[in-house]
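Numbering-wise (the numbering used here), the sequence shown opens with residue 637 and increments by one. We treat Cβ as the ideally placed atom computed from N, Cα and C, and that holds for glycine. As structure tokens, the structure follows; a few thoughts come after it.
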Amino acid sequence: MNSAAAAAAVGGATASFLAWAVRGRSAGVFGRSVWRGPRERRALALTFDDGPSESTPRILEILAEYGVTSTFFQCGANVDRLPAIARQVAAAGHEIGNHSYSHPYLFLRSPQGIESELRSAQETIQATTAATPEWFRAPYGARWFGVGRAQGKLGLTGVMWSAIGYDWSRRADEVVARMTAAAANGAILCLHDGRELGHNPDVRTTVETVRRLVPLLLERGYKFETIGRLICPKI
Ligand SMILES: [Zn+2]
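The following block contains the structure:
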């Protein structure tokens, strides 16, 4: 290998390491992060990002019908826009996670900017719902320098997923098939009750997915747990 080829190979390795560090579900390079729970128990977690939205109550109704609790990673800006719905999620016994204030790509952001996004969301969620998030899901799953320190200051742990539904772009039957195939002990499934900061987003696919997926997985013997329960069952 000549030196140019060697340099390209090293550059390629560095780039792929960086890509994994930023987006890899098991990467903890930019802050402590989990992506699945223990494999011993027949339990999994259903998680929702980007809410609250105008349609979140429809998802709450289905979850209540089956007595299922989930974790909702809320955006501070959406909580400010729809405080009553944010409170309704907490009042129904679901866990609230932090999904940043304005849903930016944290990649290449300054550590101060990152901390400000996490802190604003944390404060808004606390002031509105009285819940203190313990879990942070990075928008687009993208972490960067400064995420770990901000998480540490705010008492947050990062959460990725073992499967993501693409419920913003695929049909409900595809999303259900994908999530069913990914169901396993300790799985963390990621759906969306909002669409970033969109007002009145069309989340019919997500609602339909939840309506079909929850009974299907209950029938298969899975227990639905919040991230907190799934990761720390003794608490
Ligand atoms: Zn998101």
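Leaving aside the five residues before and after residue i along the sequence, list all residues of the same chain whose C-beta is less than 6 Å from its C-beta, in chain order.
i: residue 739; result: 711, 775, 832, 833
i: residue 822; result: 672, 673, 674, 675
i: residue 705; result: 729, 730, 862
Our contact map puts residue i next to residue j with C-beta atoms below 8 Å; I'd like the distance itself, whole angstroms only.
i: residue 742; j: residue 778; result: 6 Å
i: residue 797; j: residue 825; result: 7 Å
i: residue 828; j: residue 811; result: No, residue 828 and residue 811 are not in contact; Cβ-Cβ is about 10 Å, not under 8 Å.
At which residues does the beta strand (DSSP E) containing residue i begin and terminate?
i: residue 664; result: Segment: none, residue 664 is in no beta strand (DSSP E) and carries neither H nor E.
i: residue 853; result: Run containing residue 853: none in the beta strand (DSSP E); it sits in the alpha helix (DSSP H), 840 to 855.
i: residue 795; result: 793 to 795
i: residue 682; result: 679 to 687
i: residue 731; result: 731 to 734
Are the C-beta of residue i and some C-beta of chain B separated by less than 8 Å?
i: residue 816; result: Judged by its chain identifiers, the structure shown contains no chain B, having just a single protein chain.
Between which two residues does the alpha helix (DSSP H) containing residue i stretch?
i: residue 938; result: Past the edges of the chain, shown from 637 to 871, lies residue 938, and the structure says nothing about it.
i: residue 783; result: 783 to 790
i: residue 714; result: 712 to 717
i: residue 728; result: Run containing residue 728: none; DSSP gives neither H nor E here.
i: residue 694; result: 692 to 702
i: residue 754; result: 747 to 765
i: residue 864; result: 863 to 867
With a CB to CB cut of under 8 Å and the five nearest residues on each side skipped, what residues in its chain are close to residue i?
i: residue 787; result: 667, 668, 754, 772, 793, 794
i: residue 725; result: 687, 688, 692, 696, 708, 710, 732, 765
Can you list, in chain order, the residues of its chain with a C-beta nearer than 7 Å to that of residue i? Leave out the 5 residues immediately preceding and following it.
i: residue 728; result: 696, 700
i: residue 844; result: 808
i: residue 750; result: 742, 780, 782, 783, 786
**Study point:** Residues with C-beta closer than 5 Å to any heavy atom of ligand 1, in chain order
**Key:** Sorted by position in the chain, 685, 686, 775 make up the residues whose C-beta lies under 5 Å from a heavy atom of ligand 1.
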